[in-house]
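Undergrad: One structure, pasted below without further comment.
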Amino acid sequence: MFDTDSTPPDVDSLAEINVLFVEEEIDPQTQHQGGPRRRIMEMRVECYHTKSKDNADDLAWEVEEALRANPTLSNSVEWLTLQKLNLFVVENQSVALFAVVMTYQVIYWTHQIADPDTGRPVTVLLGYDPHTGPGHEPDYEVVIGE
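The letter at position 134 of the sequence shown is residue 134 when you use this note's numbering, and the numbering goes up by one with no holes.
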């Protein structure tokens, strides 16, 4: 499993899954508040196979079912939603590569406390609607961090 797209699929050792964290933004409704901020991240899961599109689809189905069974990633995010699914086939003279690309929306909360060395948030908080946003900070649960 890789966390960037700088590692291309290795045709000799497929099936393969790449997980990419493509883009992240602060929810406009929470960007001006102090304390917890709701973040929306795009995560892409790419499943590759050389045998057939059905094999790539089966691999993607296993990933989809695992994420569907645990949409909060063991309480580390607010929610995970499958947004798009695409199938690609690339062929050259010696091999065919089948890929299923799933795009997920990942929603989670962070506190503005940041690691002084990296600047990254170090605390992730979980809240449940309708008890989120300004005034509900005491209702959040710390799921990762200090």
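Even for Gly, the Cβ is constructed at its ideal location relative to N, Cα and C. Please read all numbers here as calculations on a predicted model, not as lab measurements.
Helix, strand or coil, according to DSSP, for residue 84 in the structure here?
TA: Residue 84 falls in the strand class under three-state DSSP.
Undergrad: Would you please state the rounded distance, in angstroms, between the beta carbons of residue 56 and residue 99? I believe it to be under 8 Å.
TA: At roughly 6 Å, the Cβ-Cβ gap stays under 8 Å, so residue 56 and residue 99 are in contact.
Undergrad: Quick one: grab the DSSP three-state call for residue 25.
TA: Strand, per DSSP.
Undergrad: For the putative contact between residue 89 and residue 53, defined by C-beta atoms under 8 Å, what is the C-beta separation to the nearest angstrom?
TA: Correct: roughly 6 Å between the Cβ atoms.
Undergrad: Below 8 Å on the Cβ atoms is my contact criterion, and I expect residue 85 with residue 49 to pass it. Report the Cβ-Cβ distance as a whole number of Å.
TA: The pair is not a contact, with the Cβ atoms about 15 Å apart (cut-off 8 Å).
Undergrad: Can you grab the Cα-Cα spacing for the pair residue 63 / residue 77, in whole Å?
TA: Roughly 17 Å between the two C-alpha positions.
Undergrad: If we count the other Cβ atoms within 10 Å of its Cβ and call it buried at 16 or more, is residue 126 buried or exposed?
TA: Per the 10 Å Cβ criterion, buried.
Undergrad: Alpha carbon to alpha carbon, how far is residue 26 from residue 58?
TA: Distance between the alpha carbons of residue 26 and residue 58: 34 Å.
Undergrad: Between which two residues does the beta strand (DSSP E) holding residue 137 run?
TA: Looking at the DSSP string, residue 137 is not in any beta strand (DSSP E), and its letter there is neither H nor E.
Undergrad: Nearest-angstrom Cα distance between residue 81 and residue 139?
TA: Going by the C-alpha atoms only, they are around 23 Å apart.
Undergrad: Between residue 44 and residue 22, which are expected to be in contact by the criterion C-beta below 8 Å, what is the C-beta distance as a whole number of angstroms?
TA: Confirmed, about 5 Å.
Undergrad: Where DSSP assigns a beta bridge to residue 14, which residues make up the other side?
TA: DSSP output for residue 14 lists no bridge partner at all.
Undergrad: What are the partner residues of residue 103, as DSSP defines its beta bridges?
TA: DSSP output for residue 103 lists 44 and 84 as bridge partner(s).
Undergrad: Nearest-angstrom Cα distance between residue 46 and residue 31?
TA: Going from the Cα of residue 46 to the Cα of residue 31 covers about 31 Å.
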